[in-house]
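See structure below.
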Amino acid sequence: MVIQWFPGHMTKAIRVMEKEIKLIDAVIYVLDARAPFSCVNPKFTKLIGNKPIIYVLNKADIAEDEKTKAWYDYFSKKGNACVIIDSTQSNSAKKIENALRVILQDRIKRLQDKQVTLTIRAMVLGVPNSGKSTLINNLSGKSKTATANRPGVTRGKQWVKLASGIEVLDTPGTLWPAFDNNHVALHLAYVGSIREQVLDIPDLSLHFINDVRAINPQLIKNRFNIEFNEETQAVEILEDIARVRGYKVSGGEIDYDRAAAAVLGDFKNARYGKLTLEEVSDINKLLENHRQQEDV
Ligand code: GDP
Numbered sequence: 006m007v008i009q010w011f012p013g014h015m016t017k018a019i020r021v022m023e024k025e026i027k028l029i030d031a032v033i034y035v036l037d038a039r040a041p042f043s044c045v046n047p048k049f050t051k052l053i054g055n056k057p058i059i060y061v062l063n064k065a066d067i068a069e070d071e072k073t074k075a076w077y078d079y080f081s082k083k084g085n086a087c088v089i090i091d092s093t094q095s096n097s098a099k100k101i102e103n104a105l106r107v108i109l110q111d112r113i114k115r116l117q118d119k120q121v122t123l124t125i126r127a128m129v130l131g132v133p134n135s136g137k138s139t140l141i142n143n144l145s146g147k148s149k150t151a152t153a154n155r156p157g158v159t160r161g162k163q164w165v166k167l168a169s170g171i172e173v174l175d176t177p178g179t180l181w182p183a184f185d186n187n188h189v190a191l192h193l194a195y196v197g198s199i200r201e202q203v204l205d206i207p208d209l210s211l212h213f214i215n216d217v218r219a220i221n222p223q224l225i226k227n228r229f230n231i232e233f234n235e236e237t238q239a240v241e242i243l244e245d246i247a248r249v250r251g252y253k254v255s256g257g258e259i260d261y262d263r264a265a266a267a268v269l270g271d272f273k274n275a276r277y278g279k280l281t282l283e284e285v286s287d288i289n290k291l292l293e294n295h296r297q298q299e300d301v
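Residue numbering for the sequence shown follows our numbering, beginning at 6 and increasing consecutively.
See the structure below:
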């Protein structure tokens, strides 16, 4: 399956971020804990340069705790700090504020010694739908930024002042060009980072079925009350789901579109229970994808 999105406005967004980054003390890098590796945008690496990074494993409430813990260890070493949060819970983002104060303690001390009013500026980065707006709303305790469970709602440049001398800059969710048949593109599509209009939803749902059954087939069996074995084709599973749910088009034919939308929508809405698509032990496979992307 070829997943190709059109990152035109994202190229422009990166340009804007390149200018803003000069004013920034630290980067808050938001990742969906269900696919944290795929949420690392190779285009951000150069942009961030040597700025301190706090990695945020967001949506931890719908990810598998053990896997999140392993990713926490991984990203704690990769950046300056890592926090695990559920941004939808009020006050949970305080952990980020605390981490900012820890990693910037030298700068804070310098400003205090000079008796200069303290302002810490952080830039919030992340792929579309990773939860940037939700997190900023949570940090600021207000509903300032629009949120939605679809990519591309956050646009333009937005500074949000927090009462405590911290300012955060919201940035548009940014992707990079993707190439055929790679895990990263599929995972980004599953977590809702890629606009549905550029996706073949039935085909994507077949990949999803195969990926999830490789992790734990019981999750699909339980969710849809169906049975299958290792030999069963993904398309047969999709057909069975349509049958169980009674999804038919006029004339009684199977409604593949509706079944596919249910399979994928249930993941976005966490109806399979806690489910993480990537493990730290997959890292070599995932890195290979990223290398391919950076080569081009
Ligand atoms: P953005 O595009 O990165 O700004 O993402 P949004 O903040 O608009 O969030 C996308 C969707 O994910 C919304 O439906 C949010 O309610 C949901 N969301 C964000 N953070 C969390 C979280 O920590 N847990 C859960 N379960 N949902 C979240």
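Virtual Cβ for every residue (Gly too), placed ideally from N, Cα, C.
1. Less than 6 angstroms between the CB of Lys64 and some heavy atom of ligand 1, yes or no?
2. Verify the contact flag: Thr365, CB atom, against every heavy atom of ligand 1, threshold strictly below 6 angstroms.
3. Can you give me the C-alpha to C-alpha distance between Ala247 and Lys253, rounded to a whole angstrom?
4. Please list, in chain order, all residues of the same chain as Val88 whose beta carbon is under 8 angstroms from its beta carbon, the five residues on each side excluded.
5. For Ser255, is the classification buried or exposed, using 16 other Cβ atoms within 10 angstroms of its Cβ as the cut-off for buried?
6. Taking only heavy atoms of ligand 1 into account, decide whether any of them is closer than 6 angstroms to the Cβ of Gly136.
7. Answer with buried or exposed for Ile67, where buried requires no fewer than 16 other C-beta atoms within 10 angstroms of its C-beta.
8. With burial defined as no fewer than 16 other Cβ atoms inside 10 Å of the residue's Cβ, what is the status of Val107: buried or exposed?
9. Name the one or two DSSP bridge partners that Asp37 has.
10. Per DSSP, what kind of secondary structure is Gly270 in: helix, strand or coil?
11. Quick check: the Cα distance between Val32 and Arg115, rounded to an integer number of angstroms?
12. Would you mind working out which of Asp111, Val35, Leu269 and Asn96 sits nearest Lys137, comparing C-alpha positions?
13. Can Gly146 be considered in contact with ligand 1, in the sense that its beta carbon sits closer than 6 angstroms to one or more heavy atoms?
Quick look at the numbers:
1. Correct: Lys64 has its Cβ closer than 6 angstroms to ligand 1.
2. The question about residue 365 has no answer here: the residues shown for the chain are numbered 6 through 301.
3. Going from the Cα of Ala247 to the Cα of Lys253 covers about 7 angstroms.
4. Counting only Cβ-Cβ distances below 8 angstroms, and skipping sequence neighbours, we find Ile59, Tyr60, Val61, Leu62, Lys100, Ile101 and Ala104.
5. Exposed.
6. Within the cutoff, so yes.
7. It counts as buried.
8. Exposed, because fewer than 16 other Cβ atoms sit within 10 Å of the Cβ of Val107.
9. According to DSSP, Asp37 bridges with Asn63.
10. Gly270 falls in the helix class under three-state DSSP.
11. Approximately 20 angstroms between the Cα atoms of the pair.
12. Looking at the Cα atoms, Val35 is the closest of the given residues.
13. Relative to the non-hydrogen atoms of ligand 1, the Cβ of Gly146 never comes closer than 6 angstroms to any of them.
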